[in-house]
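**Student:**
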Amino acid sequence: MRWEFTVGSPPGRYALDNAAEQAALRFQVLERHYDPHTFAQLDRAGVGPGMRCLEVGAGGGSVAAWLADRVGPTGSVLATDLEPRLMADLDGRSNLDVVRHDILRDDLPGAAFDVVHARLVLLHLPERRYALERMIAALRPGGLLVVEEFDCAEVAVRRSPDPGAAALFTQVHDAFVRVLAGAGADAAWALRAASAFREAGLEAVEEAASAGVWEGGGDGIALHRANTEQLQGDLRDQGVGGDELRAFWDLLEDPGFAVDAYRLVTVAGRKPGAGVRP
Ligand SMILES: C[S@@+](CC[C@H](N)C(=O)[O-])C[C@H]1O[C@@H](n2cnc3c(N)ncnc32)[C@H](O)[C@@H]1O
142 MRWEFTVGSP
152 PGRYALDNAA
162 EQAALRFQVL
172 ERHYDPHTFA
182 QLDRAGVGPG
192 MRCLEVGAGG
202 GSVAAWLADR
212 VGPTGSVLAT
222 DLEPRLMADL
232 DGRSNLDVVR
242 HDILRDDLPG
252 AAFDVVHARL
262 VLLHLPERRY
272 ALERMIAALR
282 PGGLLVVEEF
292 DCAEVAVRRS
302 PDPGAAALFT
312 QVHDAFVRVL
322 AGAGADAAWA
332 LRAASAFREA
342 GLEAVEEAAS
352 AGVWEGGGDG
362 IALHRANTEQ
372 LQGDLRDQGV
382 GGDELRAFWD
392 LLEDPGFAVD
402 AYRLVTVAGR
412 KPGAGVRP
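Numbers given in our numbering equal positions in the sequence shown, counted from 1, plus 141.
1) Could you tell me if residue 151 is buried or exposed, where buried requires 16 or more neighbouring beta carbons within 10 angstroms of its beta carbon?
2) For the region 317-334 against the region 245-261, are there 3 or more C-beta pairs whose distance is under 8 Å?
3) Would you say the beta carbon of residue 366 comes nearer than 7 Å to a heavy atom of ligand 1?
4) Measure the C-alpha to C-alpha separation of residue 324 and residue 315 and round it to an integer number of angstroms.
5) Could you pull out every unbroken beta strand (DSSP E) segment of at least 3 residues lying fully inside the region 347-391, listed in chain order?
6) For residue 293, write down the residues that DSSP places opposite it in a beta bridge.
7) Going by alpha carbons, who is nearest to residue 413 out of 279, 390, 326?
8) Compute every distance between the C-beta of residue 369 and the non-hydrogen atoms of ligand 1, then say whether any falls below 7 Å.
9) Nearest-angstrom Cα distance between residue 147 and residue 223?
10) Locate the alpha helix (DSSP H) running through residue 269, then write down its first and last residues.
11) Of all the options 306, 375, 352, 283, which has the alpha carbon lying nearest to the alpha carbon of residue 293?
12) For residue 179, which of helix, strand or coil comes out of DSSP?
13) Helix, strand or coil: which one does DSSP assign to residue 258?
Listed below in structure tokens is the structure:
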């Protein structure tokens with residue numbers, strides 16, 4: 142299937158642009174640490190052969206690839222992103238299309254999908270309720286919407302070589318959250334998403350969340366390195382000095398340091414209407 146779109150808008154305000162060199166590391170961490178949770182949720186919700194799926198803000202494309210394999214040759218997947226360059230190698234699958242697309246501004250077919258999924262996209266968008274409405278409009282009656290977001294306003298330090306190190310982590314992470322908020326993000330939107338689903342009229346709304354701990358020197362905690370390295374200029378504007386940032390990065394490599402992994406909250410619901418396809 143080929144898709145035609147009207148694409149003619151300036152990009153949104155997403156702070157962690159995929160064109161930056163740190164994006165590849167970010168997607169590596171997301172795939173390794175969160176794909177198992179995401180795939181289990183999509184499996185549990187009944188995603189299966191023959192379904193037509195929309196993956197919004199697909200990033201590195203690992204979820205889009207899984208969906209394409211799951212729905213098989215009789216199904217299809219449309220993977221969208223503001224900046225799809227990191228999905229270049231996915232376009233070979235015959236049931237998967239990748240398009241550059243802004244969920245807030247560019248055309249989407251109405252009532253065309255059995256499943257719409259977005260992970261870690263809406264929290265970044267100031268117009269997240271509007272994006273949610275557009276995603277619901279793209280679903281057929283009875284279709285499944287799955288939105289996953291980090292509950293990331295605060296991160297608990299589990300282990301620290303000294304109290305000063307724990308305070309430094311919190312100081313830099315708080316500044317990071319302020320930078321995201323300055324671009325319109327809501328780090329606590331994960332906690333409001335289920336209510337937003339119900340207010341939008343979705344039915345059978347369910348929630349699930351991941352849990353974990355990231356050890357210093359491990360590959361999960363490297364997400365903090367990728368994010369703060371990419372936004373280091375903005376962090377300086379928030380009062381984080383170069384020495385503090387370097388000490389923060391050293392801390393992320395320290396096996397004596399550990400933090401809670403970001404909790405990924407999955408919210409699933411159905412658009413009212415006709416029964417489930419296929
Ligand atoms: C944190 S990344 C998550 C990527 C992927 N969903 C995952 O979980 O691995 C957020 C993604 O949303 C995309 N994005 C941000 N704003 C968007 C918009 N308005 N429309 C479409 N995609 C957007 C970004 O380009 C980025 O790829």
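Cβ coordinates follow ideal geometry from the N, Cα and C atoms, glycine included.
Computed from a prediction, not measured in an experiment: that's the story for all the values here.
**Tutor:** According to the structure data:
1) The predicted position of residue 151 is uncertain, since its pLDDT is 39 and thus under 50; a value taken from the coordinates is nonetheless stated next. Classification of residue 151: exposed, given that the 10 Å Cβ count is below 16.
2) no
3) no
4) 15 Å
5) Complete beta strand (DSSP E) runs here, min 3: 354-356.
6) Note: residue 293 sits in no beta bridge, so no partner.
7) 279
8) No; taking the cut-off as 7 Å, the Cβ of residue 369 has no heavy atom of ligand 1 nearer than that.
9) Only weak support is given to the placement of residue 147: the predicted model assigns it a pLDDT of 38, under 50, and the value that follows is read from those uncertain coordinates. Near 14 Å, if we compare the C-alpha coordinates of residue 223 and residue 147.
10) 269-279
11) Comparing Cα positions, the closest option is 352.
12) helix
13) strand
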